[in-house]
Structures are given as structure tokens and as C-alpha cells.
Amino acid sequence: MNVHYDKSVNSTQEIAHRISREGAPEGTIVVADEQVAGKGRLGREWFSPIGTGIWMSMILKPKIPPQQAPQLTLLTAVAVIRGVKAATGIQCDIKWPNDILLNGKKLVGILTEMQADPDQIHSVIIGTGINVNETDFPEEIKEIATSLKIEKEEEINRATVIKRILEHFEELYELFLEEGFLPIKKMWEDHAITVGREITARTTTKTLHGFACGITDDGVLLLKDETGEIHKIYSADIEF
Ligand code: BTN
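Its first residue numbered 80, the sequence shown is counted upward by one per residue in full-length UniProt numbering.
Spelled out as C-alpha cells, the structure:
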């Protein structure tokens, strides 16, 4: 495996985009001890203090149409859930599309970005941020964030967690390339707490209330509103 390590970076996503364009092969992992401008979804910042969490980005170059790239986010969520369970015994849940929750609080965020033409992917950069040994979060996320250390009440070895996640990722990615998304979708559904509930979905343009009735084979969330109309949700913040 090709690993690119830096002590401190703006964002591992930035480095991964750059080295991918320069020819880094599929499977390259970019890891840092600290991000001073960690990127979250929807233009948010990602709290990434030094030495406590896992801040990593993975470069993939799959031969799939660009619209299937979100499936890789769901695949990554399954790999992270399984890796965390294997390394620590802790069982987490998935909140669509890419939040991993522990006891209802956010433990992991996944950010998928692409370099692509309309019909061809050059690379998919999947960034994963995992709160491992943080005990003190900034005021604005104190109530909604947690870490493995807070829940387990002991220091967790970050390298072991990374290793287990990558083992599971490799296995699932091979399955995905051989058999497609369907087997992954089933695994994802086993861990998901979004489907089958009343939810509020806030997209960048509107807020929808209704029943989360499933996900499509492309990983799109289906929401049925009170008139019975089904809405396809591609990206949103979900509240229960
Ligand atoms: C989210 O908002 O839920 C997604 C957060 C993704 C954070 C990770 S940390 C590693 C990688 N580098 C970044 O700048 N962001 C992602």
C-alpha cells in the first residue's frame, strides 16, 4: 500500500487531489496528525486537532460512471463501522448518507470528492475523519460530537483502527468491483438508522419532512411526504 504521511496539513483532501493528479496510484492513502483547514461537507470546517483523531483521504480510480461514485461513500461507511468494531468492540450506526454515530452523537464524517469528466472518473477522493482520542470539543459541537475514547473510557491506538478499517475497505472494494453495489447496499442497510423513520431533510435549497422509505441502488435517499409524493434526496442534513 502506498501511504503519504504528513504531520500537519491544511487538508488531507487537498494533498490527495494534488498527488492523484500527479499520478499517485489507486489505493494511495494520505494521513496527517493535524489538519489546520479540515474540510467537512457543505463547505463546513472539520475539527482536526493534532494527534488525537484519524484524518485520512484515500485515492480511488474505479472504472465506474461518475453518478455511481456516491456508492463508494456508503461502502466506506460500512468499512469504517466494521473496522471500528474489530479494533475496539464498539458498534456504531450509520445516518444517511455518511455520518457514523455512536450513542446518537457524531463519531465519523466522510467526504467524497471527484475529479471527473461527465462520462469518466479520473479519481474519487474519499476523506474520513474519525474522533478517536478527543475529550474536549469546541463549544459549537460539544453536544453533538463524541470520540471512541469518551465512549470507551480508555486511550485508543489510532494505527490499529486505521489498519482494521483498511482491511475491511479492501475486502468490500474488491466485492464492489466484482459484484457491484447490491451486496454492499444490504450491509449498509443492516447498520443504517435513517430508513424507516420520520425525518427532516435539509438540502441546500429546501427542507422536506416525511418518511424515509429506502435508498436507491445509487445510494439516493427516498422520502415520502404527507401527500404521498416520493422525493429523491441526493445530499442533505438529516434530523430525526
Ligand atoms: C462531514 O462533514 O461529515 C465530513 C467530514 C470529513 C472530514 C475528513 S478528515 C480527512 C479528510 N480531510 C478533510 O479535510 N476532510 C476529510
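Cβ atoms here follow ideal geometry from the backbone N, Cα and C, with glycine treated the same way.
Q) Taking the alpha helix (DSSP H) that Ala166 falls in, what are its first and last residues? A) In the sequence shown, counting from the first residue as 1, residue 166 sits at position 87. Looking at the DSSP string, the run of the alpha helix (DSSP H) that includes Ala166 is Ala148 to Thr167.
**Q.** Asp269 in three-state terms, based on DSSP
**A.** Counting from 1 along the sequence shown, the entry for residue 269 is found at position 190. In this structure, Asp269 counts as helix in the three-state DSSP scheme.
Q. Any idea if Tyr84 is buried or exposed, counting beta-carbon neighbours within 10 angstroms, 16 or more meaning buried?
A. Numbered from its first residue, the sequence shown carries residue 84 at position 5. Answer is exposed; the Cβ neighbour count stays below 16.
Q: For the segment 142–155 and the segment 197–208, state whether three or more C-beta atom pairs, one from each stretch, are separated by less than 8 Å.
A: yes
Q.
For Lys140, which residues in the same chain have their Cβ closer than 6 Å to its Cβ, ignoring the five residues on either side in sequence?
A. For this step, residue 140 is matched to residue 61 along the sequence shown. Within the same chain, Lys140 has close Cβ partners Glu105 and Ser202.
Q: Determine the DSSP secondary structure at Ile138, reduced to helix, strand or coil.
A: As a position in the sequence shown, residue 138 is number 59, starting the count at 1. Ile138 falls in the strand class under three-state DSSP.
Q: Specify the secondary structure class of Gly307 as computed by DSSP and reduced to three states.
A: Residue 307 sits at position 228 when you count from the first residue of the sequence shown. Of the three classes helix, strand and coil, the one that applies to Gly307 here is coil, per DSSP.
Q. Going by other Cβ atoms of all chains shown within 10 Å of its Cβ, with 16 needed for buried, is Ala280 buried or exposed?
A. As a working mapping, residue 280 is identified with position 201 in the sequence shown. It counts as buried.
Q) For the 8 Å Cβ check, are there 3 or more pairs between the segment 253–262 and the segment 223–238? A) no
Q: Could you have a look at Thr239 and say whether DSSP puts it in helix, strand or coil?
A: Taking the first residue of the sequence shown as 1, we reach residue 239 at position 160. Thr239: helix per DSSP, three-state reduction.
Q: Kindly indicate which residue of Leu245, Arg237, Trp267 and Glu305 has the alpha-carbon position closest to the one of Gly130.
A: In the sequence shown, counting from the first residue as 1, residue 130 sits at position 51. Of the candidates Leu245, Arg237, Trp267 and Glu305, the one whose C-alpha sits nearest the C-alpha of Gly130 is Arg237.
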